[in-house]
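> Line order of the protein sequences matches chains E and C. Just so we're aligned, residue 7 is where the first sequence starts under my numbering, counting upward by one. Just so we're aligned, residue 2 is where the second sequence starts under my numbering, counting upward by one. Just passing along the structure, written as structure tokens.
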Amino acid sequence: MSGARSFGLGAVLTKEFVGPKSGKFLDRVHRFLCAVVVLVSLALPPAALAALTIEIIGTGASQFPVAVVPFRAEDGLAQKITPVIAADLARSGLFRMIDAGGINPVPHEPEQVNHGQWRARGAEAVVIGSVSQLPDGRYDVRFRLMDAVKQTQLAGYVYFARNDNLRLVAHKIADLIYEKLTGEAGVFATRITYVVKRGSRYELQVADADGYNAQTVLASNEPIISPAWSPEGARLAYVSFEQRKPVVYVQSLTAGSRQAVANFWGSNSAPAWSPDGRRLAVTLTKDGASQLYLINTDGSGVERLTHSSAIDTEPNFSPDGRYLIFTSDRGGSPQIYRVPVTGGQPERLTFEGSYNVSPRHSPDGKSFTFIQRNGTRFNVAVQDFATRQVQVLTDGGIDESPSFAPNGKLILYATEVSGRGILSAVSSDGRVKQRLTADAGDVREPAWGPLPKQ
Amino acid sequence: MMRLLLSVLMLAVLAACGTTAREQDGAAVEDRKAIPGDPAAGKPKPDTGLTGKPLVEKPVAVSPLKDPGNILSKRSIYFDYDSNLVKDEFKPIIAAHARYLQQNGAAKMKIEGNADERGSREYNLALGQRRAEGVRQMMQLLGAQAGQIETVSFGEEKPRCTDHDEKCWWQNRRGDIVYQGE
């Protein structure tokens with residue numbers, strides 16, 4: 007076990023806001039802008055409460071029975087640790103939570119764990135731990151994952167964290183437990199972005215994957231769509247209509263500053279990051295039809311990638327950076343195509359149905375998720391690159407904007423319930439569904455952020 | 002086709018002229034307001050030998066773009082589902098605006114394409130763009146210059162009608178003409 011690790015959220019969302027860079031085009035449309043009241047306001051102070059409430063539907067094929075014992079001295083904390091761990095694990099649908107109440111004395115150290123007693127309750131793993139405050143005010147949070155069958159320690163770790171990072175510590179612990187017990191990386195310490203529409207106001211928000219700590223990074227009276235995380239998770243690209251046309255911006259989540267990186271004659275949209283974070287694929291119409299272009303993240307180095315007279319849009323890089331998948335109606339109906347980033351003849355990938363859109367690669371690059379229209383319904387589907395086999399994962403009415411969690415186990419998407427936009431997640435085998443609902447307003451355009459840097 | 006367009010154009014121009022003339026007649030006769038702050042105009046002084054008379058306010062011409070009786074005030078072109086084909090009923094509107102651009106070289110406009118809510122937001126953005134492009138190409142064929150028209154799309158983001166059925170959707174599949182400065 008490695009030793010102390012100091013902690014700080016890598017990305018601090020600031021309230022700074024820098025206006026769009028002025029340019030020749032801005033001068034041209036100055037009078038247009040005067041007529042448009044655009045309110046791009048400052049980010050709000052971080053909310054401590056959950057903006058999204060999560061409801062779980064279905065369970066995994068097999069559920070691992072695990073007990074999470076309340077940590078010593080966590081009662082005094084502003085944010086208890088173990089309820090967050092238990093909620094994370096339960097939400098995945100892959101764990102069955104075993105009641106940890108009524109055991110006396112409550113175990114906090116390995117030698118205090120009566121493995122037989124836990125096995126009798128059905129638990130195969132037990133999470134124990136403790137919290138203590140350091141002289142500098144930070145907290146020492148340590149936990150151990152015990153194998154109740156083999157009576158050994160599976161994992162153990164100590165974190166030193168400020169008061170305001172205790173939820174993150176809990177998510178990190180849940181990630182380690184998830185990884186030890188499933189063999190896959192956990193995604194509890196990741197973040198998501200999405201757009202909330204309240205009346206005529208649009209807010210681009212970033213929240214923890216469990217919906218807590220939602221922060222508004224951009225608020226506007228004009229629509230915001232298509233947010234996309236940079237590979238390192240410190241920047242968002244998105245499309246804002248505040249100039250009365252779609253313009254692609256890149257905004258730093260650490261500094262709060264932002265820049266219009268694609269503001270050409272016509273419409274600018276559908277940003278996608280290259281895996282090295284240096285290039286963006288975008289859809290531009292400056293030469294007529296909606297076509298794919300590559301640009302640097304500062305807007306320079308524009309290079310046209312597709313040459314059709316049809317619609318080419320919604321590009322997405324393969325994890326190895328060599329290909330883009332995208333939506334095109336060059337064959338008469340919208341279908342998914344693949345093209346090398348060096349250009350060339352695109353190859354059609356989807357053939358089932360007359361409407362397949364919004365493709366996103368899986369993190370391992372072996373499959374892609376997309377939206378398939380079935381009759382009047384729009385559903386989340388996954389297609390394997392090698393076998394071309396399609397699996398439709400949802401049966402709702404209007405699903406949009408699917409994106410994989412960074413471990414490839416969940417797909418986050420937007421859907422509608424009773425006319426209201428909400429976010430949902432479905433496991434990539436289709437068995438577990440989570441619904442994330444906001445307190446108020448329509449939620450749409452979700453994108454799952456990358457794994458935090460270790 | 003060309004002949005039909007031309008006759009529609011003639012009608013449009015005649016309509017525009019008629020309107021302008023009527024408004025000028027009305028304004029010229031009745032308004033007797035003096036220029037404020039001009040003593041000579043307000044109160045003539047006979048003993049100096051000077052005479053004067055009130056100056057009438059110059060009539061302000063109503064822009065043909067704003068005149069509800071002028072075809073140029075019509076700004077929306079509607080489309081069928083998943084289509085960017087301009088239907089015959091909207092061609093006179095496009096022809097009138099093309100003529101206006103041709104006659105007013107400094108005039109500039111945006112054509113804002115829109116789509117109904119069904120399907121992908123980005124694909125709908127592209128559909129709206131294609132509708133706007135269809136209108137632009139027709140205007141350029143009729144004499145507008147490329148630099149006068151920018152086509153943009155709002156996709157499904159700015160619906161004119163928000164119910165989730167065809168009686169709303171048709172209103173949202175449209176291109177809107179907006180002149181610079183409006």
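Glycine is no exception: its CB is placed at the ideal position from the N, C-alpha and C atoms.
1) Opposite histidine 367 (chain E) in the DSSP bridges: which residues?
2) Taking the alpha carbon of isoleucine 95 (chain C) as the reference point, which residue from C:Glu183, C:Ile178 and C:Gly182 has its own alpha carbon closest?
3) State the Cα-Cα distance for the pair arginine 426 (chain E) and aspartate 81 (chain E), rounded to the nearest angstrom.
4) Should the region 186-202 of chain E be regarded as contacting the region 450-458 of chain E, the criterion being three or more beta carbon pairs within less than 8 Å?
5) Quick one: residues in its chain with C-beta nearer than 6 Å to the C-beta of histidine 165 (chain C), no 5 flanking neighbours on either side, listed in chain order?
6) In angstroms, rounded to a whole number, what distance separates the CA positions of serine 364 (chain E) and isoleucine 87 (chain E)?
7) Look at the Cβ atom of valine 396 (chain E), then the Cβ atom of valine 432 (chain E), and state whether they are nearer than 9 Å.
8) Measure the C-alpha to C-alpha separation of serine 258 (chain E) and threonine 303 (chain E) and round it to an integer number of angstroms.
9) With 16 as the cutoff for other CB atoms within 10 Å, does asparagine 413 (chain E) come out buried or exposed?
10) With contact counted as at least three CB pairs below 8 Å, one residue from each stretch, are the region 141-156 of chain E and the region 405-421 of chain E in contact?
11) Can you check the region 307-333 of chain E for any beta strand (DSSP E) of at least 3 residues that lies completely inside it and give the ranges in chain order?
12) If I follow the unbroken alpha helix (DSSP H) through glycine 114 (chain C), where does it start and stop?
13) Given a cut-off of 9 Å, decide if serine 409 (chain E) and leucine 126 (chain C) are closer than it, judged by their beta-carbon atoms.
14) Proline 71 (chain E): which of E:Ala126, E:Ala79 and E:Gly108 sits nearest, CA to CA?
15) Measure the alpha-carbon distance for tyrosine 145 (chain E) versus tryptophan 171 (chain C) and round it to whole angstroms.
16) Against chain C, which members of the region 306-336 of chain E pass a CB distance test of less than 7 Å?
17) Please give the ranges of any beta strand (DSSP E) in the region 153-201 of chain E, keeping only runs that are unbroken, at least 3 residues long and fully inside the region.
18) Less than 9 Å between CB atoms is the rule here; does arginine 174 (chain C) satisfy it with respect to chain E?
19) In chain order, what residues of the same chain have a beta carbon less than 7 Å from the beta carbon of glycine 371 (chain E), not counting five sequence neighbours either side?
20) What residues of chain D sit near valine 363 (chain E), judged by a beta carbon separation below 9 Å?
21) Taking 8 Å as the cut-off, does the region 288-295 of chain E touch the region 338-348 of chain E (at least 3 CB pairs, one atom from each stretch)?
22) Sorted by chain position, which residues of the same chain lie with C-beta nearer than 7 Å to lysine 186 (chain E)'s C-beta, five sequence neighbours on each side aside?
23) Less than 9 Å between the C-beta atoms of glutamine 141 (chain C) and glycine 106 (chain C), yes or no?
24) Looking at alanine 92 (chain E) and valine 119 (chain E), is the spacing between their C-beta atoms short of 9 Å?
25) Alpha carbon to alpha carbon, how far is proline 111 (chain E) from asparagine 169 (chain E)?
26) In terms of residues, what are the limits of the beta strand (DSSP E) holding arginine 207 (chain E)?
27) DSSP three-state call for aspartate 290 (chain E): helix, strand or coil?
28) Less than 8 Å between C-beta atoms, sequence neighbours within five positions excluded: which residues of the same chain meet that for tyrosine 79 (chain C)?
29) For phenylalanine 149 (chain E) and proline 116 (chain E), I'd like the C-alpha separation in whole angstroms.
30) Counting C-beta neighbours from all protein chains within 10 Å, is the total for glutamate 167 (chain C) 16 or more, i.e. buried, or is it exposed?
31) Who are the neighbours of glutamate 158 (chain C) on chain E, taking C-beta pairs under 8 Å?
32) With a threshold of 6 Å on Cβ separation, who are the neighbours of leucine 399 (chain E) within its own chain once the five nearest residues in sequence on each side are excluded?
33) Cβ closer than 8 Å: which chain E residues qualify as neighbours of threonine 152 (chain C)?
34) Return yes when the C-beta of proline 352 (chain E) is under 8 Å from any heavy atom of the ligand SAM, and no when it is not.
35) Can you tell me whether tyrosine 82 (chain C) is buried or exposed, with buried defined as 16 or more other CB within 10 angstroms of its CB?
36) Do you know how far the Cα of aspartate 401 (chain E) is from the Cα of arginine 119 (chain C)?
Put simply:
1) Counting from one through the first sequence, the residue named residue 367 (chain E) turns up at place 361. Histidine 367 (chain E) pairs with E:Phe374.
2) Position 94 of the second sequence, counted from the first residue, corresponds to residue 95 (chain C). Of C:Glu183, C:Ile178 and C:Gly182, the residue nearest in Cα terms is C:Ile178.
3) As a working note, residue 426 (chain E) is residue 420 in the first sequence. As a working note, residue 81 (chain E) is residue 75 in the first sequence. For arginine 426 (chain E) and aspartate 81 (chain E), the distance between alpha carbons rounds to 38 Å.
4) yes
5) Here the question's residue 165 (chain C) lines up with position 164 in the second sequence. Correct list: empty, nothing qualifies.
6) Residue 364 (chain E) sits at position 358 when you count from the first residue of the first sequence. Residue 87 (chain E) sits at position 81 when you count from the first residue of the first sequence. Going from the Cα of serine 364 (chain E) to the Cα of isoleucine 87 (chain E) covers about 38 Å.
7) Numbered from 1 along the first sequence, position 390 holds the residue referred to as residue 396 (chain E). Numbered from 1 along the first sequence, position 426 holds the residue referred to as residue 432 (chain E). No, the Cβ-Cβ distance between valine 396 (chain E) and valine 432 (chain E) is not below 9 Å.
8) Locating residue 258 (chain E) in the first sequence gives position 252, where the first residue counts as 1. Locating residue 303 (chain E) in the first sequence gives position 297, where the first residue counts as 1. Straight-line Cα distance between these residues: approximately 12 Å.
9) Taking the first sequence and counting its residues from 1, the one referred to as residue 413 (chain E) is at position 407. It counts as buried.
10) no
11) 318-323
12) As a first step, residue 114 (chain C) is located in the second sequence; it is residue number 113 there, counting from the start. Taken as a continuous stretch (DSSP letters only), glycine 114 (chain C) belongs to no alpha helix (DSSP H), being part of the beta strand (DSSP E) at 110-115.
13) Mapped onto the second sequence, residue 126 (chain C) falls at position 125. Mapped onto the first sequence, residue 409 (chain E) falls at position 403. No, the Cβ-Cβ distance between leucine 126 (chain C) and serine 409 (chain E) is not below 9 Å.
14) As a working note, residue 71 (chain E) is residue 65 in the first sequence. The residue with the shortest Cα to Cα distance from proline 71 (chain E) is E:Ala126.
15) Residue numbering aside, residue 145 (chain E) sits at position 139 when the first sequence is read from its first letter. Residue numbering aside, residue 171 (chain C) sits at position 170 when the second sequence is read from its first letter. For tyrosine 145 (chain E) and tryptophan 171 (chain C), the distance between alpha carbons rounds to 60 Å.
16) Ile317, Thr319, Glu320 and Thr333
17) 158-167
18) On the second sequence, position 173 is the one that residue 174 (chain C) refers to. For arginine 174 (chain C), the answer is no, since every Cβ of chain E falls outside 9 Å of its Cβ.
19) Reading the first sequence from its first residue, position 365 is the one you call residue 371 (chain E). Around glycine 371 (chain E): Ser324, Pro325 and Asp326.
20) Absence of chain D from the displayed structure is noted, the protein chains being E and C.
21) no
22) Along the first sequence, one-based indexing puts residue 186 (chain E) at 180. Excluding sequence neighbours, lysine 186 (chain E) sits near Leu151, Leu160 and Ala161.
23) Here residue 141 (chain C) is taken as the residue at index 140 of the second sequence, counted from 1. Here residue 106 (chain C) is taken as the residue at index 105 of the second sequence, counted from 1. No; because the gap between Cβ atoms is not below 9 Å, this pair is not in contact.
24) Along the first sequence, read from residue 1 onward, the residue named residue 119 (chain E) stands at position 113. Along the first sequence, read from residue 1 onward, the residue named residue 92 (chain E) stands at position 86. Result no, Cβ atoms of valine 119 (chain E) and alanine 92 (chain E) do not sit closer than 9 Å.
25) As a working note, residue 111 (chain E) is residue 105 in the first sequence. As a working note, residue 169 (chain E) is residue 163 in the first sequence. Cα to Cα, proline 111 (chain E) sits roughly 27 Å from asparagine 169 (chain E).
26) Translated into the one-based positions of the first sequence, residue 207 (chain E) becomes position 201. First-last of the beta strand (DSSP E) with arginine 207 (chain E): 207-214.
27) Indexing the first sequence from 1 puts residue 290 (chain E) at position 284. According to the sequence shown, residue 290 (chain E) is leucine rather than aspartate. Note: leucine 290 (chain E) maps to strand in three-state DSSP.
28) In the second sequence, residue 79 (chain C) corresponds to position 78, counting from 1. Taken in chain order, the residues that qualify are Lys88, Phe91, Trp171, Gln172, Arg174 and Arg175.
29) Residue mapping note: residue 149 (chain E) aligns to position 143 of the first sequence, counting from 1. Residue mapping note: residue 116 (chain E) aligns to position 110 of the first sequence, counting from 1. Computed Cα separation, rounded: 10 Å.
30) In the second sequence, residue 167 (chain C) corresponds to position 166, counting from 1. Label assigned to glutamate 167 (chain C): exposed.
31) For this step, residue 158 (chain C) is matched to residue 157 along the second sequence. Within 8 Å Cβ-Cβ: Pro229, Ile231 and Phe247.
32) To locate residue 399 (chain E), count along the first sequence from 1; it is residue 393. Val386, Val432 and Gly436, listed in sequence order.
33) What you label residue 152 (chain C) is simply residue 151 of the second sequence in a count that begins at 1. Gly272, Ser273 and Thr291, listed in chain order.
34) No copy of the ligand SAM appears in this structure; indeed no ligand is present at all.
35) Here residue 82 (chain C) refers to the residue found at position 81 when the second sequence is read from its first residue. Tyrosine 82 (chain C) is exposed by the Cβ-count criterion.
36) Stepping through the second sequence from its first residue, residue 119 (chain C) is reached at position 118. Stepping through the first sequence from its first residue, residue 401 (chain E) is reached at position 395. Each residue's Cα considered, the two are about 16 Å apart.
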